[in-house]
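Asks:
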Amino acid sequence: LNSYLAKFPNAVVGECGLDNLKAGNQELQEEIFIYHLGLAKKLRRPVCIHALKANNQIEVLLHKMPDKFMLHAFGGSLDFLQKILKYGGYISLCASAKKQKNHIDIVKSIPKEKLLIESDGPYLSDYNEIDEFTSYVARIKNIEEWHKFKKNAESKGIKIGEALESILVAYNEDNLVDI
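According to our numbering, the sequence shown is numbered sequentially starting from 31.
(1) Note down the Cα distance separating E143 from K189, rounded to an integer number of angstroms.
(2) Are there 16 or more other CB atoms within 10 angstroms of the CB of Y120, so buried, or fewer, so exposed?
(3) Mapping DSSP to helix, strand and coil, what is D208?
(4) Would V43 pass as a contact of A70 if the rule is Cβ separation under 8 Å?
(5) Does K138 pass the burial test, meaning 16 or more other C-beta atoms within 10 Å, or should it be called exposed?
(6) Please tell me whether T164 and I140 are closer than 8 Å, where the distance is taken between their beta carbons.
(7) How far does the beta strand (DSSP E) with G187 in it reach, from first residue to last?
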């Protein structure tokens, strides 16, 4: 991992984290995750965190986070969200977030500069679903920029998913990110 990160100076650390859904060596997972957090901090890299049924463990480790970190496919409580935001974390959501009873309060509580939308979640299998969920979140947050972007793309006959993919490809080419 050290040599990979040295070779790709714009790469983030992760996706890494804790997964308590399946049986496994939880102590080893936590040990490796803490190593990844330390490496990210040392190299001043962001980290993308996977936390499945592990919010309590992640909460205990918030003080070990690097300056920039993101919880991938957030599925926690409002209290946990506030703690992540207090430590400067970013939150990514996927359509499965709508299954939470308090999902509207969760979306409203995330500052728009800390909010990311998942494109690889298990419930986002094609561009239409990504567009639908992104539009849903934008309506809740009243994010005018999204509505302008979408309207402009549609007026030119461009499907929103294709526009998003073009932006991602251009970003990756400009930043030499290996995905």
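Cβ coordinates follow ideal geometry from the N, Cα and C atoms, glycine included. The structure displayed is predicted, hence computed values, not measured ones.
Replies: Checking against the coordinates, here is how it stands:
(1) 25 Å
(2) buried
(3) Because D208 carries a pLDDT of 43, less than 50, the predicted location of this residue cannot be relied on, and the following value inherits that uncertainty. The answer is coil: DSSP assigns D208 none of H, G, I, E or B.
(4) yes
(5) exposed
(6) no
(7) First-last for G187: undefined, no H or E at that position.
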